[in-house]
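Novice: Counting with my numbering, you get residues 2 to 478 for the letters of the sequence shown.
Encoded as C-alpha cells, here's the structure I'll be asking about.
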Amino acid sequence: MDKVEYMMKSLQKVFYHSSDLTVRQVDWHEGNPAILCFYASLVDAKEVQKVLDTIYARLDTEKPFWSETLITTLEDFDLPLAIERVCQGETIVILPEIGKMLTLSIINDVHRNLEEPINEHILRGSHEGFIERIDTNLALLRKRVNNPALVVKSFLVGKETKTKAYYLYMDGVIQPETLREIEKRIRSLDIDYFYSIGQLSDALEDSVLSPFPQLLNTEHPDRVVANLVEGKVVVMTNISPTAFIAPVTFFSFYQTPDDYNGRVIVGSFYKIVRLLSFITAVFLPAFYIAVISFHFEVLPLELSNQVKNDVKDIPYRPLIEALILEIIMELIRESSIRLPQSVGQTIGIVGGLVIGDAIVSAGLVSNLMVIVVALTAISSYVVPSVELNSTIRMLRFPFMVLASMFGFLGIVVGIVILLIHLLNLTSLKQPYFSPIIPFQPKAVFKIFLRWPFIKPSVQVTSFQPPKDAQAKNEDTP
C-alpha cells in the first residue's frame with residue numbers, strides 16, 4: 002500500500018466513513034499525486050474545480066507563489082488542523098510529497114433571506130433582521146458603523162462542536178471593567194457540545210436561577226448598534242440570529258426602537274405606559290384576590306354590593322378562581338404558539354371567546370375575574386422583551402398566593418422580597434436596578450422620558466424680507 006492510499010484510508014477512518022465526505026486522489030504538478038478532501042454537503046464542488054483550475058494554470062507557469070490567492074492558504078500538513086478545516090466547511094488538498102496542505106476557503110452556507118424578526122415588530126425604522134450567518138450579521142452592523150473602533154473578536158464554543166462565536170464592542174466607549182469581565186467569562190466557558198443559545202446565556206449571566214433575564218436578546222441590528230455606542234458588549238454566534246447585549250438594567254427591557262424613531266412626546270408617553278403596565282400585569286390579580294378575601298371595605302358601597310352579587314354564587318375561593326383562568330390563558334397562549342400560524346390565531350380567538358363565555362355561564366368564575374385576568378394578560382404582552390414577558394407572567398402566581406393568605410400584607414411582603422432581589426441582582430457585575438439604585442437623578446428621567454437627540458431651539462424669529470425687496474415694495478403703488 003503506497004503512502005497516498007494509506008492517507009486516504011486514514012482520512013476516511015478519521016471521518017467515520019461519512020456518506021457526504023469526498024476523499025479523492027487528483028494529479029498535481031509534474032505528475033505528483035494529491036488528495037482532495039471535503040464535505041460535499043458544505044462545499045460547492047463547481048467552485049472548488051474553478052479554483053483548482055486557476056492553481057493548475059499558475060503551476061504551469063512555474064510561479065513561485067502559486068498558492069497565494071484570497072481564498073487559499075498553504076501550510077504544513079497537520080491532521081488535527083486538517084480535520085478542523087474540513088469540519089468548518091473548507092476544502093483541503095494534501096500534498097504528500099512535500100508534506101504541505103492547501104486550504105480552499107469555499108463554503109456553501111445555507112441561510113435564509115433577511116427579514117424582520119417575528120418577535121420584534123416595529124412601526125418605523127429598519128426592518129432588517131439578523132440571520133443564522135455571522136458574515137451577513139456583521140455586514141449589517143458594519144453598514145451602520147463606518148468606524149474601525151467597532152472591534153470584533155472571535156472565539157470557539159464547545160470543545161467538540163467548535164462553534165464560532167463573536168463578541169463586539171466599541172473601543173474607547175466600553176468600560177474596561179466590562180470588557181475584562183466578558184473576556185473572563187468567555188475564557189471560562191466549559192461546554193462540550195454547543196447546540197443552543199441558552200447554553201451561552203447561562204454561562205454569561207450573573208445569576209442563572211433568577212427569574213429576571215440579565216442579557217438582552219435582540220435580532221435587530223439597529224438596536225445592537227444603539228447599545229454598542231452606549232458602551233455595551235454584544236455576543237453573537239454562527240448558529241443563531243440572536244444577539245446578547247450586556248450589561249443591561251431592568252428598564253432596558255422596556256425600551257423599543259419605536260420610542261426613538263417617533264416623536265419625542267409620543268415616545269415618552271408609551272414608555273410610561275409600558276412601565277406602568279408592569280404594575281398591572283404583576284399585582285392586579287393579587288389586588289383583586291386581597292380585596293375579595295379580606296378588604297371589601299376599600300371599595301365604594303355601590304361597587305361593593307355589585308361585586309358581592311357577582312361572586313356570591315362562585316363555589317371556589319378567589320385564588321382557585323384566578324388560577325383556573327390564568328392556567329387557561331397560558332394553555333391558549335402555548336397552543337397558539339406551537340400550532341401553525343394560521344391555526345394558532347384561530348385557536349387564540351375562538352378558544353378564548355368560547356371558553357371564557359362557557360366558564361362564566363357555568364358559574365365557575367365571575368365576570369369580574371374574567372375582566373381582571375384579561376387586563377392582566379394584555380398588560381403582560383406590552384413588554385417588548387419576550388424573556389421579561391415570561392418572567393412577569395410567572396411572577397403573578399406567588400403574589401396571588403400571598404394575597405390569598407395575608408391580603409394586602411402579603412402583597413407588601415412580596416414587593417419587599419422582589420425589590421431586595423432586584424437590588425442584589427447584577428448584569429456583568431453592574432447594578433441591575435440602576436439608575437434607581439444607585440440613584441442617578443439625571444438618568445432616572447431617561448427611564449420614563451424619551452429625550453430628543455438634539456437640544457430643541459426655543460428662539461422664534463419672524464421673517465424679514467431683504468432690504469432691496471422692502472424698498473421695491475415701498476415704491477410699488
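Glycine included, C-beta positions come from ideal geometry on N, C-alpha and C.
Please name the residue or residues paired with residue 76 in a DSSP beta bridge.
Specialist: Against the sequence shown, residue 76 aligns to sequence position 75. According to DSSP, which records beta bridges pairwise, residue 76 is partnered with 102.
Novice: Can you name the start and end residues of the beta strand (DSSP E) that residue 23 belongs to?
Specialist: The sequence position of residue 23 within the sequence shown is 22, counting from 1. Start and end: 22 to 28.
Novice: Can residue 244 and residue 404 be called in contact, C-beta distance under 7 angstroms?
Specialist: What you label residue 244 is simply residue 243 of the sequence shown in a count that begins at 1. What you label residue 404 is simply residue 403 of the sequence shown in a count that begins at 1. Contact: no.
Novice: Mapping DSSP to helix, strand and coil, what is residue 163?
Specialist: What you label residue 163 is simply residue 162 of the sequence shown in a count that begins at 1. Residue 163 falls in the coil class under three-state DSSP.
Novice: Decide yes or no for the touch test of the stretch 103 to 117 against the stretch 73 to 85: beta carbon pairs closer than 8 angstroms, at least 3 of them.
Specialist: yes
Novice: Specify, as a first and last residue, the run of the alpha helix (DSSP H) that residue 37 falls within.
Specialist: Within the sequence shown, numbered from 1, the residue matching residue 37 stands at position 36. Taken as a continuous stretch (DSSP letters only), residue 37 belongs to no alpha helix (DSSP H), being part of the beta strand (DSSP E) at 34 to 40.
Novice: Measure from the alpha carbon of residue 11 to the alpha carbon of each residue in 27, 38, 181 and 179, then state which is nearest.
Specialist: Translated into the one-based positions of the sequence shown, residue 11 becomes position 10. Of the listed residues, the one whose Cα sits closest to residue 11 is 38.
Novice: Can you tell me the Cα-Cα spacing of residue 8 and residue 137, whole angstroms?
Specialist: Here the question's residue 8 lines up with position 7 in the sequence shown. Here the question's residue 137 lines up with position 136 in the sequence shown. A straight line joining the alpha-carbon of residue 8 with that of residue 137 spans about 37 angstroms.
Novice: Looking at C-alpha atoms only, which residue of 53, 221, 176 and 378 is the closest neighbour of residue 429?
Specialist: Here the question's residue 429 lines up with position 428 in the sequence shown. Residue 176 is the option with its Cα nearest to residue 429.
Novice: With residue 5 and residue 36 assumed to form a contact (beta carbons below 8 angstroms), what rounded beta-carbon distance in angstroms separates them?
Specialist: Locating residue 5 in the sequence shown gives position 4, counting from the first residue. Locating residue 36 in the sequence shown gives position 35, counting from the first residue. About 6 angstroms; that satisfies the 8 angstroms criterion.
Novice: In this structure, does DSSP put residue 431 in helix, strand or coil?
Specialist: Reading the sequence shown from its first residue, position 430 is the one you call residue 431. It is a strand residue.
Novice: Is it the case that the stretch 121 to 138 contacts the stretch 193 to 211, given that we only count it when at least three CB pairs across the two stretches are under 8 angstroms?
Specialist: no
Novice: Going straight from the alpha carbon of residue 205 to that of residue 250, what length do you get?
Specialist: Reading the sequence shown from its first residue, position 204 is the one you call residue 205. Reading the sequence shown from its first residue, position 249 is the one you call residue 250. Between residue 205 and residue 250, the C-alpha separation is close to 15 angstroms.
Novice: Over the uninterrupted alpha helix (DSSP H) stretch that includes residue 68, give me the two end residues.
Specialist: Walking along the sequence shown from the start, residue 68 turns up at place 67. Looking at the DSSP string, residue 68 is not in any alpha helix (DSSP H), and its letter there is neither H nor E.
Novice: What separation, rounded to the nearest whole angstrom, lies between the Cα atoms of residue 411 and residue 402?
Specialist: Here residue 411 is taken as the residue at index 410 of the sequence shown, counted from 1. Here residue 402 is taken as the residue at index 401 of the sequence shown, counted from 1. The alpha-carbon atoms of residue 411 and residue 402 are separated by roughly 8 angstroms.
Novice: Might you give, ordered along the chain, the residues of its own chain that have their beta carbon closer than 7 angstroms to the beta carbon of residue 3, omitting 5 neighbours on each side?
Specialist: On the sequence shown, residue 3 is found 2 positions in, with the first residue counted as 1. Its chain contains no residue whose beta carbon lies nearer than 7 angstroms to that of residue 3 once the 5 sequence neighbours on both sides are disregarded.
Novice: According to DSSP, is residue 1 part of a helix, a strand, or is it coil?
Specialist: Since the first and last residues shown for the chain are 2 and 478, residue 1 lies out of range.
Novice: Among 160, 453 and 421, which residue has its Cα nearest to the Cα of residue 438?
Specialist: Within the sequence shown, numbered from 1, the residue matching residue 438 stands at position 437. The shortest CA-to-CA distance from residue 438 to any of 160, 453 and 421 is the one to 421.
Novice: Name the DSSP bridge partner or partners of residue 55?
Specialist: Position 54 of the sequence shown holds residue 55. Paired residue(s): none; residue 55 is not in a bridge.
Novice: So, using beta-carbon positions, are residue 223 and residue 127 closer together than 7 angstroms?
Specialist: In the sequence shown, residue 223 corresponds to position 222, counting from 1. In the sequence shown, residue 127 corresponds to position 126, counting from 1. In this structure, residue 127 lies closer than 7 angstroms to residue 223 by Cβ.
Novice: Apart from the five residues on each side of it in sequence, which residues of its chain come closer than 6 angstroms, Cβ to Cβ, to residue 253?
Specialist: Looking up residue 253 in the sequence shown gives position 252. Non-local beta-carbon contacts of residue 253 in its own chain, meaning distances under 6 angstroms to residues more than five positions away in sequence, involve 217 in chain order.
Novice: Using CA atoms only, rank isn't needed, just tell me which of 124, 171 and 61 is closest to residue 261.
Specialist: Residue numbering aside, residue 261 sits at position 260 when the sequence shown is read from its first letter. It is 124 whose Cα lies nearest to the Cα of residue 261.
Novice: When the distance is taken between beta carbons, is residue 248 closer than 7 angstroms to residue 220?
Specialist: Position 219 of the sequence shown, counted from the first residue, corresponds to residue 220. Position 247 of the sequence shown, counted from the first residue, corresponds to residue 248. Cβ distance not < 7 angstroms, so residue 220 and residue 248 don't count as in contact.
Novice: Identify which residue in 454, 90, 113 and 78 has its Cα closest to the Cα of residue 96.
Specialist: Along the sequence shown, one-based indexing puts residue 96 at 95. Residue 78 is the option with its Cα nearest to residue 96.
Novice: For residue 293 and residue 154, I'd like the C-alpha separation in whole angstroms.
Specialist: Residue mapping note: residue 293 aligns to position 292 of the sequence shown, counting from 1. Residue mapping note: residue 154 aligns to position 153 of the sequence shown, counting from 1. C-alpha separation (whole angstroms): 57 angstroms.
Novice: With which residues is residue 170 paired in a DSSP beta bridge?
Specialist: Within the sequence shown, numbered from 1, the residue matching residue 170 stands at position 169. Answer by DSSP bridge pairing, in chain order: 152.
Novice: Classify residue 258 as buried or exposed, calling it buried when 16 or more other Cβ atoms lie within 10 Å of its own Cβ.
Specialist: Along the sequence shown, one-based indexing puts residue 258 at 257. Residue 258 should be labelled buried.
Novice: What's the call for residue 297, buried or exposed, on a 16-neighbour Cβ count within 10 Å?
Specialist: Against the sequence shown, residue 297 aligns to sequence position 296. The residue is exposed, with fewer than 16 neighbouring Cβ atoms inside 10 Å.
Novice: On a Cα-Cα basis, can you pick out the residue from 115, 83 and 112 that is closest to residue 100?
Specialist: Sequence index remark: in the sequence shown, residue 100 carries index 99 (1-based). Taking each of 115, 83 and 112 in turn and checking the Cα distance to residue 100, the smallest one comes out for 83.
Novice: Kindly give me the distance between the Cβ atoms of residue 308 and residue 232, rounded to whole angstroms, as I take these residues to be in contact under 8 angstroms.
Specialist: One-based indexing of the sequence shown puts residue 308 at position 307. One-based indexing of the sequence shown puts residue 232 at position 231. Their Cβ separation, rounded to whole angstroms, is 51 angstroms, which puts residue 308 and residue 232 out of contact at 8 angstroms.
Novice: Hey, could you find the ends of the alpha helix (DSSP H) residue 329 is sitting in?
Specialist: Within the sequence shown, the letter at position 328 stands for residue 329. Residue 329 -> alpha helix (DSSP H) spans 319 to 339.
Novice: Run the CB neighbour count on residue 452, radius 10 Å, all protein chains shown included, and call it buried at 16 or more, exposed below.
Specialist: Along the sequence shown, one-based indexing puts residue 452 at 451. By the neighbour-count rule (16 or more Cβ atoms within 10 Å), residue 452 is not buried but exposed.
Novice: Helix, strand or coil, according to DSSP, for residue 315 in the structure here?
Specialist: The residue you call residue 315 lines up with position 314 of the sequence shown. Judged by DSSP in its simplified three-state form, residue 315 adopts coil rather than helix or strand.
Novice: Since residue 234 sits in a beta bridge, which residues does DSSP pair it with?
Specialist: Counted from its first residue, the sequence shown places residue 234 at position 233. Note: residue 234 sits in a beta bridge opposite 247.
Novice: Would you identify the three-state DSSP class for residue 424, choosing helix, strand or coil?
Specialist: Counted from its first residue, the sequence shown places residue 424 at position 423. Correct three-state label for residue 424: helix.
Novice: I'd like the span of the alpha helix (DSSP H) that includes residue 96, first residue to last.
Specialist: Here residue 96 refers to the residue found at position 95 when the sequence shown is read from its first residue. No alpha helix (DSSP H) contains residue 96, which is instead part of the beta strand (DSSP E) from 92 to 96.
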